[in-house]
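Each remark here refers to the structure printed beneath this line.
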């Protein structure tokens, strides 16, 4: 093709730098009119804007991937990579993050759990939920988990340990509150004997070997808000086949899918207890799997809040 006439307009970046040129070519000689040149300039600016938009979108997507990876790494750091084995006890846990909209900033949740040995033959299990999300919530979560581990040996009373955690939060001037359940227990010839305390947290659930489900724990104060707390230890026992379930409020406040039509009820504490009763005879791992599946079926894959489960079961005897 022979070039009889040519006209170009620079393509510029957001800082004014020249990225290239937008050109028109005619194979016959001609003179470009003022209207032609105005149209050329308009098209070139539109192309420049489109290039900038695509570059910004690519940068945003990359930043979102980095943010998601960081959030995942931080969240994994809040949870033990695997539950510590407890001889003679079945254990299982699950963490289910809240759903994220496409392009939404990914934030770290505040749910956490841990299981560890304390004094002698005793073990401790904690599950908590820090208000909010993001870096501040992650900092409080990390501080809470490691304070519980560090001070567990010095506090035989679960309520005493939760008071110590509250003091640590107040001293650090943490701008988040925390709900938690902590239990200390030991294995016995008859099964398991323990004590448990709640701090602003939903009651634990005990599934008896015969399928009955009962609540466990006395309501207590939130942590990180007041210096004076009302916390109570409750003693309990698990016989062979019994299971103790600790969970965060995402398990009993699950909203249904966002669909048109009449509003559907949320998956509440009664639904959780009924679902747990329906797992009669299952081991700890299968029980947690059944509960997470029930939640997913209710909210249709769109979880409005993080959820954590921790289950301890004394194996049934032949």
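Residue numbers (this note's numbering): 1 to 318.
Backbone N, C-alpha and C define an ideal beta-carbon position, used for all residues, glycine too.
Everything numeric in this text was worked out from a predicted model, so none of it was measured.
Residue range of the alpha helix (DSSP H) that includes residue i
| i | result |
| --- | --- |
| residue 163 | 158–171 |
| residue 275 | 269–277 |
DSSP state of residue i mapped onto helix, strand, coil
| i | result |
| --- | --- |
| residue 101 | Low per-residue confidence applies at residue 101: pLDDT is 44, beneath 50, and the placement is therefore not dependable, though the value from the model is reported in the following sentence. DSSP places residue 101 in coil when its eight states are reduced to three. |
| residue 36 | helix |
| residue 114 | strand |
| residue 242 | coil |
| residue 42 | helix |
| residue 248 | coil |
Buried or exposed by the 16-neighbour rule on C-beta atoms within 10 Å, applied to residue i
| i | result |
| --- | --- |
| residue 316 | exposed |
| residue 114 | buried |
| residue 33 | exposed |
| residue 158 | buried |
| residue 173 | exposed |
| residue 207 | buried |
| residue 221 | buried |
Candidates the options, of which the one nearest residue i by Cα
| i | options | result |
| --- | --- | --- |
| residue 243 | 193, 271 and 266 | 193 |
| residue 37 | 234, 23 and 128 | 23 |
| residue 150 | 138, 119 and 139 | 119 |
| residue 284 | 116, 294, 267 and 314 | 314 |
| residue 142 | 158, 117 and 112 | 112 |
| residue 117 | 156, 132, 239 and 110 | 156 |
| residue 240 | 48, 26, 282 and 84 | 282 |
| residue 227 | 238, 9, 171 and 266 | 171 |
Segment limits, beta strand (DSSP E) that includes residue i
| i | result |
| --- | --- |
| residue 82 | Per DSSP, residue 82 belongs to no beta strand (DSSP E) and is neither H nor E. |
| residue 23 | 18–26 |
| residue 195 | 191–199 |
| residue 181 | 178–188 |
| residue 7 | 5–12 |
| residue 204 | 204–207 |
Is it the case that the region 180–192 contacts the region 107–126, given that we only count it when at least three CB pairs across the two stretches are under 8 Å? yes
Check whether the region 190–206 and the region 158–166 are in contact - that is, three or more C-beta pairs closer than 8 Å. yes
For the region 90–99 against the region 278–293, are there 3 or more C-beta pairs whose distance is under 8 Å? Yes, the region 90–99 touches the region 278–293.
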